[in-house]
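Each residue of the sequence shown is one higher than the one before, counting from 5 in the working numbering.
The structure appears below as structure tokens.
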Amino acid sequence: MAEYIDANGKQWQIRLTLASGLRVKDETGIDLQKIESLSEFADAAKLARMCYILAGSPSDFNSFADGVDGATIERMEAALLKEIENFSPPRKRETLKALLAKGEQIQAVAAQMATKQMTEMEPEAILKLLASGKSVTKSADTLEPIQSE
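Quick look at the structure:
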């Protein structure tokens, strides 16, 4: 079991089993046995729904979700990843740990690059891009620099 604390200070335990994983798949469309990308956890509502199911659906979902804020989302994601690791067969666990660690490194580098690019851009350049309908940021998956005009 993995644990996290919500915004209201309540501690939650989540447990992934075959049955709870099937329920997550039925209700969210996400197969926790076949996670291909950390981007599958980008939707906060789906992440909350997954943790709600894995916590045993303790109350109504809205009451549960009322304890979810930005910091809780990060704690929920970490707990869910830990529980996926716990659920994985022992022979695959080390590979999964390495994959998850690399994914976290990539996310950190992408965030640093985006922050650096935004701090280096002049406000006028950002406004020009916005006015032209172009994207101010690129996808973190591409890791391409933002081009200012």
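By construction, the Cβ of each residue, glycine as well, lies at the ideal position given by its N, Cα and C atoms.
Predicted, not measured: the structure shown is a model, and the values here were computed from it.
Per DSSP, the unbroken alpha helix (DSSP H) holding E124 starts and ends at 94 to 124. Taking the C-beta atoms as reference points, G107 is found nearer than 7 Å to L42. Cβ-Cβ distances below 8 Å link K86 to A6 in the same chain, with the five nearest sequence neighbours on each side left out; the list follows chain order.
Rounded to the nearest angstrom, the gap between the Cα atoms of S24 and T32 is 12 Å.
Taking the Cβ atoms as the reference, M54 lies roughly 19 Å from L103, outside the contact range of under 8 Å. Inclusion of F45 and E78 in the CB contact set at 7 Å is not warranted, their separation being larger than that value. Taking a contact to require three or more Cβ pairs closer than 8 Å, the segment 115 to 135 and the segment 55 to 75 do not qualify as touching. Where I9 is concerned, the enclosing beta strand (DSSP E) starts and stops at 6 to 9.
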